[in-house]
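So the sequence shown is numbered by this note's numbering: it starts at -16 and just counts up by one.
Beta carbons are placed, not taken as given, at the ideal position from N, Cα and C, and that holds for glycine.
Some notes on the structure that comes next.
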Amino acid sequence: MSNKKITNVKTALPGPKGAALLDRWHKVEADTTGFQAPVVWDSAKGVVVTDVDGNVFLDWTSGVLVTNTGHCHPKLVAAVQAAVAKLINNYECPTESRVKAAESLVAHLPSHLNKCFFMTTGSEATEACQRIMKRKTGKFEVISFHGGFHGRTYSAASMGGLTGPKRGYGPTMPGVIKTPFPYAYRSPVGGGDAGLIDYCMTMLEENVRANSTGSLAGLMVEPYLGAAGFIFPPQGFLAQVEKWCRDKGILFTLDEVQSSYGRTGKLWAMEWENITPDLISIGKGIGCGVPTAAVAARADVIDCLGKGELSSTVGGNPVSSAAVSAILEIMDEEKLADNANKMGKIVMARLKEIQEKSRFLGDVRGRGLVIGMELVKDKKTKEPAPDLTRQLIVRCAENGLLVGSVGIFGNVIRVAPPLTINEAEAHESLDIMEKSLLSLQS
């Protein structure tokens, strides 16, 4: 393991070039993105990011859990460049690259998910899952969870259980039934994991009884709540939810947009509980920055759609298709899911040590390389600390680590580096996090 330091922040943030670009940017594009450190990216390779002023950072964001194979992986770059030089776009006619991409994706899925369809964004994929559930069953009600996030389009936001994407937009889509998701750190009941699961399953039954008109089409759930704060349910919860769906005769959809492609230490998060959803939505890591998403489903479910019932203007285009195939090859060749599992254990163990030293780090949770650090003002009261979280984001960047935040209360730091991260990069980034977090106690 090399002891050579990777990061190098030599200017204030933003640096002079970055400050000028931020000023130009805010004059011409709507400033609607979430809070972030004032860093203007110039280039990135693997886990290392360089900004326009030459500052060098380690990245714990992966572009919001997108670049699982690392920034600008040479094999992905070569595949995309070759595709661009040959054919950029077509629509209704297939290409060999699209056929290969679909074959590769289906080959990497559990055998019961034997058909797919390519799109461009996670929101598009989750909306398609909703439509398919309704089309297949002839019913219109869909169950989702408090704290869930399925995208920012109208239908996807209506399915979500966060207020931010819906605030100020008037009535949301009817026919959505919300129910609690288990949040162990802030559990409303006693009894440990078993008590929390029992509570959530009871509330699921009661909310459906109180709100359904008898037209249940299906249920959509994330393997863990992403935008709500990397909230992982107790082991066994998702299996119970699936069984409940089977007992009710409704479709079970898993939103794997954020959790797939090795992020949790397995290629698909569904593998942790051996669940068998009827449909899944896929995004982010499927394209590693190339705009790509997909729906995968049992053939008898997705084949309910007729000609012209599902399309996507640039979904499955030759460039995206080349990326899909290349990324799956990289995942296999470099065993990135295994690396996420291995490195995740190292990162988690170190963060637990940091938690003992920090009076603000209330909870550390996760699996693989998706870990949430929940910051609180007081560990006893668990009062959320969103202001402190924003300070930590800036302090980390000043010390050479790029992080972002999520959470129902905006107080959870995302630990989600590219899955290519090695031990030297992990330890240096953890050193920066420890230094930055503990400096806020003075």
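Do you know how far the Cα of residue j is from the Cα of residue i?
i: G303; j: S422; result: Correcting the residue type first, residue 303 is Ser in the shown sequence and not Gly. For S303 and S422, the distance between alpha carbons rounds to 43 Å.
i: A65; j: N73; result: 16 Å
i: G153; j: S141; result: 11 Å
i: F343; j: K363; result: 10 Å
i: K119; j: P206; result: 23 Å
i: V11; j: L92; result: 42 Å
i: V(-8); j: E411; result: 14 Å
i: P369; j: I396; result: 10 Å
i: G201; j: M116; result: 6 Å
i: A29; j: T146; result: Sequence inspection shows Gly at residue 29; the Ala mentioned does not correspond to that position. Distance between the alpha carbons of G29 and T146 is about 34 Å.
i: E79; j: L70; result: 11 Å
i: E189; j: V389; result: 29 Å
i: E381; j: G351; result: 26 Å
i: L5; j: V377; result: 16 Å
i: S106; j: K267; result: 11 Å
i: E316; j: A90; result: 15 Å
i: V111; j: M326; result: Going by the sequence as given, residue 111 is Ala instead of Val. Cα to Cα, A111 sits roughly 34 Å from M326.
i: A167; j: R229; result: 26 Å
i: R348; j: V307; result: 30 Å
i: E312; j: E86; result: 13 Å
i: G345; j: E75; result: 52 Å
i: R281; j: D321; result: 27 Å
i: V386; j: K83; result: 35 Å
i: R373; j: E417; result: 16 Å
i: G248; j: N257; result: 14 Å
Over the uninterrupted alpha helix (DSSP H) stretch that includes residue i, give me the two end residues.
i: G1; result: P(-1) to V11
i: G349; result: G349 -> not in any alpha helix (DSSP H); beta strand (DSSP E) instead, spanning L344 to R350.
i: L311; result: P301 to E316
i: L474; result: Since the displayed the chain opens at -16 and closes at 425, residue 474 lies outside it and no answer follows.
i: A380; result: P369 to N382
i: I415; result: E406 to S422
i: D176; result: G175 to N194
i: T155; result: Element bounds for T155: n/a, residue is neither H nor E.
i: I269; result: Here I269 belongs to no alpha helix (DSSP H), and DSSP marks it neither H nor E.
i: Y137; result: Y137 to M142
i: N324; result: L319 to K340
i: Q241; result: Here Q241 belongs to no alpha helix (DSSP H), and DSSP marks it neither H nor E.
i: H91; result: E79 to H91
i: E107; result: G105 to T120
i: S45; result: S45 to L48
Compare the C-alpha of residue i against each of the options and name the closest.
i: P(-1); options: N(-14), C99, D36 and I(-11); result: D36
i: V125; options: C99, H95, M156 and T146; result: M156
i: L19; options: C183, V47 and G29; result: Looking at the sequence provided, one finds Gln at residue 19 rather than Leu. Ranking C183, V47 and G29 by Cα distance to Q19 puts V47 first.
i: S341; options: A222, L5, T236 and S419; result: S419
i: D181; options: G151, M203, F213 and L221; result: L221
i: E225; options: A211, L208 and D261; result: D261
i: H129; options: D315, F164, G158 and C112; result: F164
i: F235; options: G209, S308, G151 and I263; result: I263
i: T296; options: P274, A323 and V284; result: P274
i: T16; options: R135, G151 and L179; result: R135
i: W255; options: F101, G219 and K(-12); result: G219
i: A409; options: D370, Y137, L375 and I329; result: I329
i: I404; options: H56, Q424 and A167; result: H56
i: T(-10); options: G1, D14 and A27; result: A27
i: L88; options: V204, S294, I269 and E339; result: I269
i: H133; options: D176, S170, V204 and L358; result: V204
i: E232; options: V307, G355 and K122; result: The sequence shown places Gly at residue 232, rather than the Glu named in the question. Here the closest residue by C-alpha is K122.
i: T109; options: E239, A332 and L319; result: E239
What does residue i pair with, by DSSP beta-bridge criteria?
i: C99; result: A279
i: A27; result: V32
i: H54; result: G29
i: N(-9); result: V39
i: R397; result: G355 and G387
i: F235; result: L202
i: I214; result: L208
i: L221; result: According to DSSP, L221 bridges with nothing at all.
i: L262; result: T236 and A280
Can you round the beta-carbon distance between residue i and residue j to whole angstroms, since I take them to be within the 8 Å contact cut?
i: A252; j: T103; result: Not confirmed; about 22 Å, so no contact.
i: I337; j: G383; result: Contact flag wrong, Cβ pair sits at about 17 Å.
i: D34; j: D25; result: 6 Å
i: S198; j: I160; result: Incorrect: roughly 11 Å between the Cβ atoms, too far for contact.
i: H95; j: T259; result: 6 Å
i: G299; j: R114; result: Not really, about 18 Å apart at Cβ, beyond 8 Å.
i: L402; j: A323; result: 5 Å
i: M184; j: Q223; result: 6 Å
i: G212; j: I354; result: With a Cβ gap of about 11 Å, G212 and I354 do not count as contacting.
i: A426; j: V63; result: The structure shown does not extend to residue 426, since the chain is modelled only from -16 to 425, so the question has no answer here.
i: I285; j: K98; result: 5 Å
i: M426; j: L334; result: The structure shown does not extend to residue 426, since the chain spans only -16 to 425, so no value can be given for it.
Would you kindly report the start and end of the unbroken beta strand (DSSP E) that includes residue i?
i: E357; result: V353 to L358
i: K161; result: V159 to T162
i: E124; result: E124 to F128
i: L70; result: No beta strand (DSSP E) holds L70; DSSP gives it neither H nor E.
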